[in-house]
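Below is one structure, written out as structure tokens; the observations come after it.
Residue numbers (my numbering): 892 to 1183.
Listed below in structure tokens is the structure:
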């Protein structure tokens, strides 16, 4: 993804999250109940239109698995088709699933998304470290073996994140303690780009914490959600990035709802949505590029 970001001169990552209530009128079919055939058809038309308009413009896609699980088995099948279609168009997919469990269950989660024989193979996956470092090792092993990325949830973008993540453990915060444990693992996975394939999730809504984490994990790629809808400050969050061959690099700045669902295109025709979406996408990518 670093090589693709260097080629595009920005680090914008687009969420592919089919919020039922926000699907534009041009793509709504029937009663839009979860799992109905008409609903799935409308959402698929929407997501394919998004991919068609963005595949050569964004660094990666970041579908949130829960948005597809909400649609039942048809939603899971839809996610598989969207991942396959993104890959056909040459764009990497980072699945935001935040998986976390022990032993054989962790193995199964890792194999479900990172193994070459997976029905839904993605390029990177988010995981949760709460149960201990041993529970993320299956993802790291498969990632290194098959050239996949793993992003560990570290300091999140939600308002209540600090209640647990900022608690002091000795002279460290909880997130700092986890970062210390992750550092040797990230360094083992540094590739030809100079960046590790083992990264962390750091909310764009907390730029000071992000800069602190950068000092702890200097070569880890950051997934930075919260730009746009959650009002992460793009000018400040780039402080967690570092100079690269062309621009600042070391992160993926992600936006989902704020980019996918511009208000100007919500209730109109396909052409109205297309114009509003293209404008919103251009402004968001431009804002990221200008601050690198």
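No residue lacks a Cβ here, since even glycine has one placed at the ideal position from N, Cα and C.
Nearest C-alpha to residue 913 among 1024, 1170, 1158, 1176: 1158. Bounds of the alpha helix (DSSP H) holding residue 1106 are 1098 to 1107.
Going by beta carbons, residue 962 and residue 1005 fall outside the 8 Å limit. Within its own chain, the residues whose Cβ lies closer than 6 Å to the Cβ of residue 1020, once the five positions on either side in sequence are excluded, are 1027, 1043, 1069, listed in chain order. Within its own chain, no residue has a Cβ closer than 6 Å to the Cβ of residue 1166 once the five positions on either side in sequence are excluded. Rounded to whole angstroms, the Cβ separation of residue 1013 and residue 1030 is 12 Å, and the two are not in contact under 8 Å. About 6 Å separates the beta carbon of residue 959 from that of residue 969, a gap short enough to meet the 8 Å contact definition. Within the DSSP bridge table, the entry for residue 904 names 951, 1145 as partners.
Residue 1176 sits close to residue 948, with the two beta carbons spaced by under 8 Å. Counting only runs that start and end inside the stretch 946 to 996, the alpha helix (DSSP H) elements of at least 4 residues fall at 956 to 960, 964 to 979. With the rule of 3 Cβ pairs closer than 8 Å, the stretch 1108 to 1118 does not count as touching the stretch 1054 to 1062. For residue 1171, DSSP records no beta bridge to any residue. Annotated three-state conformation of residue 1021 is coil, per DSSP. DSSP places residue 1016 in the strand class (E or B) of the three-state scheme. If you check the CB distance, residue 1011 and residue 979 do not come in under 8 Å. For the pair residue 1046 and residue 1036, the Cα-to-Cα distance works out to about 27 Å.
Membership of residue 1042 in the beta strand (DSSP E) is indicated by the continuous run 1040 to 1046. In its chain, beyond the 5 residues on either side, 955, 958, 1147 have a beta carbon closer than 6 Å to the beta carbon of residue 908. One Cα belongs to residue 1172, the other to residue 1181, and the distance between them is close to 14 Å. Under the Cβ criterion (8 Å, minimum of three pairs), the stretch 895 to 908 counts as touching the stretch 1134 to 1141. Nearest Cα to residue 974 within the set 1101, 997, 904, 938: 938. Per the DSSP secondary-structure output, residue 1087 pairs in a beta bridge with 1081. Ranking 1062, 1039, 1150, 1085 by CA distance to the CA of residue 1118 puts 1150 first. In this model, residue 995 and residue 1022 are separated by some 14 Å (Cα to Cα). Secondary structure note for residue 1031: its alpha helix (DSSP H) is the uninterrupted segment 1028 to 1037.
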